[in-house]
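Q:
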Amino acid sequence: MTDNTKDIAEKKLDSTAQEDKWAPYWEKEGIYHWDPKIAREDSYVIDTPPPTVSGHLHIGHVYSFTQTDLVGRFQRMMGKNVYYPIGFDDNGLPTERLVEKEKNVRAIDMTREDFIKICHEVVDKSEDVFRGLFRRLGMSYDWRTEYKTISANARKTSQMSALHLYSKDDLYRSVQPSLWDPLDRTAIAQAEVVEKEFNGVMYQIPFTTEDGQEVLIGTTRPELIPACVALMCHPDHPRAKDLIGKKAYTALFEVEVPIIADERVSLEKGTGFVQCCTFGDLTDMEWWKEYKLPLRVIVGRDGLLRDMDGMGGQDWPSRNPEQAQKAVAELTGQHVRKAKTKIVEMLKEAGLVRSENNVVQMIPCAERSGAPLEIIVTPQWMIRILDKKEALLQKGREMQWHPDYMRLRYEDWVNNLKWDWGISRQRYFGVPLPFWYSKRKGEEGKIIAATIDELPVDPLTTPPRGYTMDEVEPEKDVMDTWATSSVSPQIQSQGIADGFMIDAERHKKLFPADLRPQGHDIITTWAFYTTVKATLHQNTVPFHNLAISGWCLAADKTKMSKSKNNVITPQQILENHSVEAIRYWAANFKLGRDTIYSEEILKTGRRTLTKLWNASRLVGMHVSDLKPAHKTAADAVAHEVIHAPFDRWIIGQMHQTIETATKNFLEYDYTAALEAIEKFFWKDYCDNYLELAKGRLY
RNA sequence: GGGCGGUUAGCUCAGUGGUAGAGCGUUUCGUUUACACCGAAGUGGUCGGGGGUUCGAAUCCCUCACCGCCCACCA
Numbered sequence: 014m015t016d017n018t019k020d021i022a023e024k025k026l027d028s029t030a031q032e033d034k035w036a037p038y039w040e041k042e043g044i045y046h047w048d049p050k051i052a053r054e055d056s057y058v059i060d061t062p063p064p065t066v067s068g069h070l071h072i073g074h075v076y077s078f079t080q081t082d083l084v085g086r087f088q089r090m091m092g093k094n095v096y097y098p099i100g101f102d103d104n105g106l107p108t109e110r111l112v113e114k115e116k117n118v119r120a121i122d123m124t125r126e127d128f129i130k131i132c133h134e135v136v137d138k139s140e141d142v143f144r145g146l147f148r149r150l151g152m153s154y155d156w157r158t159e160y161k162t163i164s165a166n167a168r169k170t171s172q173m174s175a176l177h178l179y180s181k182d183d184l185y186r187s188v189q190p191s192l193w194d195p196l197d198r199t200a201i202a203q204a205e206v207v208e209k210e211f212n213g214v215m216y217q218i219p220f221t222t223e224d225g226q227e228v229l230i231g232t233t234r235p236e237l238i239p240a241c242v243a244l245m246c247h248p249d250h251p252r253a254k255d256l257i258g259k260k261a262y263t264a265l266f267e268v269e270v271p272i273i274a275d276e277r278v279s280l281e282k283g284t285g286f287v288q289c290c291t292f293g294d295l296t297d298m299e300w301w302k303e304y305k306l307p308l309r310v311i312v313g314r315d316g317l318l319r320d321m322d323g324m325g326g327q328d329w330p331s332r333n334p335e336q337a338q339k340a341v342a343e344l345t346g347q348h349v350r351k352a353k354t355k356i357v358e359m360l361k362e363a364g365l366v367r368s369e370n371n372v373v374q375m376i377p378c379a380e381r382s383g384a385p386l387e388i389i390v391t392p393q394w395m396i397r398i399l400d401k402k403e404a405l406l407q408k409g410r411e412m413q414w415h416p417d418y419m420r421l422r423y424e425d426w427v428n429n430l431k432w433d434w435g436i437s438r439q440r441y442f443g444v445p446l447p448f449w450y451s452k453r454k455g456e457e458g459k460i461i462a463a464t465i466d467e468l469p470v471d472p473l474t475t476p477p478r479g480y481t482m483d484e485v486e487p488e489k490d491v492m493d494t495w496a497t498s499s500v501s502p503q504i505q506s507q508g509i510a511d512g513f514m515i516d517a518e519r520h521k522k523l524f525p526a527d528l529r530p531q532g533h534d535i536i537t538t539w540a541f542y543t544t545v546k547a548t549l550h551q552n553t554v555p556f557h558n559l560a561i562s563g564w565c566l567a568a569d570k571t572k573m574s575k576s577k578n579n580v581i582t583p584q585q586i587l588e589n590h591s592v593e594a595i596r597y598w599a600a601n602f603k604l605g606r607d608t609i610y611s612e613e614i615l616k617t618g619r620r621t622l623t624k625l626w627n628a629s630r631l632v633g634m635h636v637s638d639l640k641p642a643h644k645t646a647a648d649a650v651a652h653e654v655i656h657a658p659f660d661r662w663i664i665g666q667m668h669q670t671i672e673t674a675t676k677n678f679l680e681y682d683y684t685a686a687l688e689a690i691e692k693f694f695w696k697d698y699c700d701n702y703l704e705l706a707k708g709r710l711y
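Its first residue numbered 14, the first sequence is counted upward by one per residue in this note's numbering.
1) Among VAL84, VAL135, PHE147, whose alpha-carbon lies nearest the alpha-carbon of PRO63?
2) With 16 other CB atoms within 10 Å as the buried threshold, where does LEU308 fall?
3) Answer with buried or exposed for HIS635, where buried requires no fewer than 16 other C-beta atoms within 10 angstroms of its C-beta.
4) Tell me which residue opens and which closes the alpha helix (DSSP H) that SER171 is part of.
5) Between which residues of its own chain and CYS378 is the CB-CB distance below 8 Å, once the five residues before and five after are set aside?
6) Helix, strand or coil, according to DSSP, for GLN413 in the structure here?
7) Report the rounded CA-to-CA distance for ASP275 versus GLY325, giving the unit in angstroms.
8) Going along the chain, which residues of its own chain have a beta-carbon closer than 7 Å to the beta-carbon of PHE211, five neighbours each way excluded?
9) Tell me the start and end of each unbroken beta strand (DSSP E) in the segment 49-91 that is at least 3 residues and wholly inside, in chain order.
10) Rank TRP449, PRO248, LEU280 by C-alpha distance to the C-alpha of ILE273 and give the top, closest one.
11) Going by the beta-carbon positions, is the gap between ILE59 and LEU705 smaller than 9 Å?
12) Where does ILE595 land, buried or exposed, given buried means 16+ other C-beta within 10 angstroms?
13) Kindly provide the ranges of any beta strand (DSSP E) runs that are 3 or more residues long and lie completely inside the segment 461-503, ordered along the chain.
14) Under the rule that 16 or more other beta-carbon atoms within 10 Å means buried, what is LYS353, buried or exposed?
15) Would DSSP call LEU308 helix, strand or coil?
16) Looking only at its own chain, which residues have a Cβ that is under 7 Å from the Cβ of TYR179, when we skip the five neighbours before and after it?
17) Assign MET412 to buried or exposed, taking buried as 16 or more other Cβ atoms, counted over all protein chains shown, within 10 Å of its Cβ.
18) Since THR233 and VAL372 are thought to touch, with beta carbons under 8 Å apart, how far apart are those beta carbons, to the nearest angstrom?
19) Taking buried to mean at least 16 other C-beta atoms within 10 Å of its own C-beta, is GLY458 buried or exposed?
20) Would GLY92 pass as a contact of THR61 if the rule is Cβ separation under 9 Å?
21) Identify the continuous alpha helix (DSSP H) that holds ARG198 and give its terminal residues.
22) With a threshold of 6 Å on Cβ separation, who are the neighbours of THR684 within its own chain once the five nearest residues in sequence on each side are excluded?
23) Looking at ASP297 and ILE388, is the spacing between their C-beta atoms short of 9 Å?
24) Do you know whose CA, among GLU159, ASP466, VAL112, lies nearest LYS169's CA?
25) Rounding to the nearest angstrom, what Cα-Cα distance links ALA628 and ASP700 in this structure?
26) ASN428 lies in the alpha helix (DSSP H); which residues open and close that run?
27) Starting from HIS557, trace the beta strand (DSSP E) in both directions and tell me its first and last residue.
28) Do you know how far the Cα of ALA36 is from the Cα of GLY151?
29) Would you call the segment 100-115 and the segment 583-590 in contact, with 3 or more CB pairs under 8 Å?
30) DSSP three-state label for ILE389, please.
31) Note the first and the last residue of the continuous alpha helix (DSSP H) segment covering ASP141.
32) Given a cut-off of 9 Å, decide if THR475 and LEU176 are closer than it, judged by their beta-carbon atoms.
33) State the Cα-Cα distance for the pair GLU680 and ALA540, rounded to the nearest angstrom.
34) So for LYS19, helix, strand or coil by DSSP?
35) Measuring only the C-alpha atoms, how far is GLY285 from GLN217?
36) Exposed or buried, which one is VAL632 when buried takes at least 16 other CB atoms within 10 Å?
Structure, rendered in structure tokens:
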């Protein structure tokens with residue numbers, strides 16, 4: 014008996030046994046291997062999302078990754094040489110937080126070296142679990158391509174990207190106000206900001222003008238009064254004419270500031286007057302830049318108030334230096350939140366709180382730590398994107414988005430960009446920025462960039478060519494993980510741009526990719542940043558198609574979350590359902606659509622699998638001894654072996670189904686393909702054809 | 001505050017101008033030598049509300065409501 018006939022003799026389908034049986038064969042035969050010798054036009058390149066190693070894979074991964082696998086398998090069936098890699102995004106802040114939690118340590122309490130060592134241990138362990146799950150799910154990856162964003166090759170590619178951008182002045186270092194997370198003590202990018210609701214208090218506080226008039230400002234951040242550099246007023250305010258150009262004195266500190274008119278001050282909200290501080294929010298920053306106001310930064314990297322010594326001196330002239338210094342002494346070293354309470358007390362004592370109203374405010378916070386953000390002035394590495402909005406929009410239009418409306422999220426984001434892309438992080442486990450600062454006489458502070466052949470490099474341990482470690486100050490910052498994952502197509506294709514190539518031949522075959530599959534939650538990060546990099550490096554799109562998948566939601570249509578105790582893990586489903594049933598479930602929902610986890614569909618999946626199995630058994634029972642004289646049905650028809658009208662009918666139906674399913678699949682509509690195939694198989698083939706065929710058989 | 005998506009049978013979802021669909025559930029009947037089930041027939045919907053365009057609207061336009069997501073510096 015052959016293996017096949019043995020299978021047929023098995024009455025009941027045992028999916029797991031079948032998987033275990035076939036997996037080694039697929040592996041051995043390299044069924045899913047990409048062949049570098051085959052031409053680009055006969056290939057199909059997928060830029061698989063490398064899952065972030067920051068916890069466990071969730072059911073959403075199973076959902077979306079399976080949807081991509083369907084497309085990959087379809088392209089393979091179309092005869093394409095499919096490049097379908099898998100990687101892990103295993104560095105950066107999310108990973109650090111996982112490590113800190115799992116090992117109960119804090120990065121700031123240990124040496125960088127020790128921390129990185131622990132990081133590697135934790136991610137290796139997590140990745141083993143990820144690998145096991147992906148294999149179990151039947152993902153048709155070419156496992157030879159497996160990469161990590163912290164691997165030597167990824168570090169090299171990522172640093173090469175930095176060097177290329179630096180060489181054309183699209184990457185620059187500058188000391189400027191940037192978004193700062195005081196809890197994780199690092200700069201963050203615009204995409205990592207989330208608005209959170211807080212109950213705050215709006216205070217009305219009087220400033221006085223040089224001629225003794227009182228001007229009430231509205232503020233929810235009185236602790237920033239010492240950082241005030243101007244008093245802003247709307248030009249149409251009834252008092253504007255009289256006040257503009259005059260000097261004002263801040264409350265309590267009595268520091269002299271100019272009164273400036275600007276339309277960004279609202280006449281309706283607050284008092285019509287607002288203090289401009291360095292920095293309370295983005296508008297402050299805009300005013301500071303536009304009116305070339307002085308810098309009075311009083312919030313430190315740890316969120317504590319500091320550096321107010323100049324208060325009352327020449328730089329910060331105060332009418333009442335003694336009172337100012339007293340207040341400074343009280344506030345210095347306090348956390349912004351405590352400082353707020355403290356200063357309100359002091360203001361009240363001085364009779365300077367005219368009103369207070371409870372308000373609900375939306376405050377920008379760090380996505381990862383949840384801490385309210387500060388805008389502080391630090392040296393950071395930025396990628397120039399604000400001047401390239403039009404090019405980025407154009408690239409967005411050159412790519413096919415599935416579904417198409419997801420493009421709007423991208424465009425909306427690009428249109429609303431407010432900051433260049435900050436990529437430096439004051440953290441530890443990440444790809445180092447490949448730069449040093451010279452300490453040599455005559456070139457102190459000069460930035461020294463690594464050369465390509467030195468990559469990957471860790472500036473902390475290796476000096477630039479021609480220098481000793483003593484002659485340079487290494488850059489300590491690492492890159493944000495998006496700075497690296499945004500070159501995933503380039504990591505795979507081993508090249509960045511002309512002159513920045515690791516393997517030019519391979520690059521030609523794999524870049525741009527055909528497909529980027531990803532979730533809609535990271536359009537403004539991964540899809541956006543990858544497009545930025547491809548635009549800046551090659552002035553091309555990074556991929557031709559985006560397949561945007563939805564989320565798997567809990568039964569109450571909300572996101573699964575531990576706090577709500579409504580999480581269903583991949584392991585749980587795998588215990589109760591076969592992989593095929595799970596794949597069937599994932600195939601039932603269109604791209605971009607969120608779905609509610611449904612046992613019903615899984616049951617239908619199992620039923621369908623059983624039906625397939627049994628139909629094969631029926632056919633196998635009767636044809637196992639046949640040695641077909643004709644390879645294809647069309648052949649057999651031509652030779653009049655198949656002559657009955659119902660034979661011809663089913664063959665016709667099959668061809669029509671193939672045509673429909675192929676058309677659907679080419680449009681990334683695997684759901685419609687499934688529907689067509691399912692109808693053909695169940696209704697036409699089983700219910701009609703096989704039932705009729707029984708009359709012939711028995 | 002702006003944008004996007006959704007709202008279709010009890011449930012999960014298809015359906016983008018031409019007589020309302022699938023699967024599950026449910027009802028009845030039939031099968032039990034491919035099918036811890038399978039088959040046949042049936043039940044079930046004024047397609048979220050209102051208005052408009054059209055010979056004709058689930059589908060296009062306007063408006064409202066609710067749900068979800070994305071975005072937003074309002075002191």
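All residues carry an ideal CB built from backbone N, CA and C; glycine is no exception.
A: Looking at the coordinates:
1) The residue given as residue 63 occupies position 50 in the first sequence. In terms of Cα proximity to PRO63, the closest of VAL84, VAL135, PHE147 is PHE147.
2) For the purposes of this step, residue 308 is taken as the residue at position 295 of the first sequence. Exposed: under 16 other Cβ atoms inside 10 Å.
3) Position 622 of the first sequence, counting from 1, holds the residue named residue 635. With fewer than 16 other Cβ atoms inside 10 Å of its own Cβ, HIS635 counts as exposed.
4) Position 158 of the first sequence holds residue 171. SER171: member of the alpha helix (DSSP H) spanning 165-180, first to last residue.
5) Taking the first sequence and counting its residues from 1, the one referred to as residue 378 is at position 365. Result list for CYS378: VAL206, VAL207, GLU208, LYS209, ALA384, PRO385, LEU386, in chain order.
6) Residue mapping note: residue 413 aligns to position 400 of the first sequence, counting from 1. The answer is strand: DSSP assigns GLN413 an E or B state.
7) Numbered from 1 along the first sequence, position 262 holds the residue referred to as residue 275. Numbered from 1 along the first sequence, position 312 holds the residue referred to as residue 325. Rounded to the nearest angstrom, the gap between the Cα atoms of ASP275 and GLY325 is 27 Å.
8) Counted from its first residue, the first sequence places residue 211 at position 198. If we look at PHE211 and ignore the five residues flanking it on each side, its Cβ neighbours are GLN374, ILE376.
9) The segment 49-91 is shown to contain whole beta strand (DSSP E) runs of 3 or more residues at 56-58, in chain order.
10) Here the question's residue 273 lines up with position 260 in the first sequence. When the alpha-carbon of ILE273 is set against those of TRP449, PRO248, LEU280, the nearest one is in PRO248.
11) The residue you call residue 59 lines up with position 46 of the first sequence. The residue you call residue 705 lines up with position 692 of the first sequence. Not closer than 9 Å, so no.
12) What you label residue 595 is simply residue 582 of the first sequence in a count that begins at 1. Classification of ILE595: buried, given that the 10 Å Cβ count is 16 or more.
13) Runs found: 485-487.
14) Counted from its first residue, the first sequence places residue 353 at position 340. So LYS353 counts as buried.
15) Residue 308 sits at position 295 when you count from the first residue of the first sequence. In the structure shown, LEU308 sits in coil (DSSP, three-state: anything other than H, G, I, E or B).
16) In the first sequence, counting from the first residue as 1, residue 179 sits at position 166. If we look at TYR179 and ignore the five residues flanking it on each side, its Cβ neighbours are ALA462.
17) What you label residue 412 is simply residue 399 of the first sequence in a count that begins at 1. Here MET412 is buried, its C-beta having at least 16 other C-beta atoms within 10 Å.
18) Here residue 233 corresponds to residue number 220 of the first sequence, with the count starting at 1. Here residue 372 corresponds to residue number 359 of the first sequence, with the count starting at 1. 7 Å between Cβ atoms; contact.
19) Stepping through the first sequence from its first residue, residue 458 is reached at position 445. Under this definition GLY458 is an exposed residue.
20) On the first sequence, position 79 is the one that residue 92 refers to. On the first sequence, position 48 is the one that residue 61 refers to. Going by C-beta atoms, GLY92 is not nearer than 9 Å to THR61.
21) Here the question's residue 198 lines up with position 185 in the first sequence. Note, ARG198: premise wrong, no alpha helix (DSSP H); not H, not E.
22) As a working mapping, residue 684 is identified with position 671 in the first sequence. Excluding residues within five positions, the ones whose Cβ falls inside 6 Å are LYS603.
23) Locating residue 388 in the first sequence gives position 375, where the first residue counts as 1. Locating residue 297 in the first sequence gives position 284, where the first residue counts as 1. Cβ atoms of ILE388 and ASP297: closer than 9 Å.
24) On the first sequence, position 156 is the one that residue 169 refers to. When GLU159, ASP466, VAL112 are compared, the shortest CA-CA separation from LYS169 is found for ASP466.
25) Sequence index remark: in the first sequence, residue 628 carries index 615 (1-based). Sequence index remark: in the first sequence, residue 700 carries index 687 (1-based). Their Cα atoms are separated by approximately 10 Å.
26) Start at 1 with the first residue of the first sequence, and residue 428 comes out as number 415. First-last of the alpha helix (DSSP H) with ASN428: 420-428.
27) Taking the first sequence and counting its residues from 1, the one referred to as residue 557 is at position 544. Per DSSP, HIS557 is one residue of the beta strand (DSSP E) stretching across 556-562.
28) Mapped onto the first sequence, residue 151 falls at position 138. Mapped onto the first sequence, residue 36 falls at position 23. C-alpha separation (whole angstroms): 8 Å.
29) Contact between the segment 100-115 and the segment 583-590 is absent, because fewer than three Cβ pairs lie under 8 Å.
30) Here residue 389 refers to the residue found at position 376 when the first sequence is read from its first residue. Assignment of ILE389 by DSSP, reduced to helix, strand and coil, places it in the strand class.
31) The sequence position of residue 141 within the first sequence is 128, counting from 1. First-last of the alpha helix (DSSP H) with ASP141: 125-149.
32) Within the first sequence, the letter at position 163 stands for residue 176. Within the first sequence, the letter at position 462 stands for residue 475. Contact annotation: LEU176 and THR475 have beta-carbon atoms that are not nearer than 9 Å.
33) Here the question's residue 680 lines up with position 667 in the first sequence. Here the question's residue 540 lines up with position 527 in the first sequence. As the crow flies, the alpha-carbon of GLU680 is around 20 Å from that of ALA540.
34) Numbered from 1 along the first sequence, position 6 holds the residue referred to as residue 19. Residue confidence for LYS19 is low, a pLDDT of 48 falling below 50, so the modelled location carries little weight and cannot support an answer.
35) Residue 285 sits at position 272 when you count from the first residue of the first sequence. Residue 217 sits at position 204 when you count from the first residue of the first sequence. If you draw a straight line from the Cα of GLY285 to the Cα of GLN217, it is about 11 Å long.
36) As a position in the first sequence, residue 632 is number 619, starting the count at 1. The residue in question, VAL632, is exposed, as its Cβ has fewer than 16 Cβ neighbours within 10 Å.
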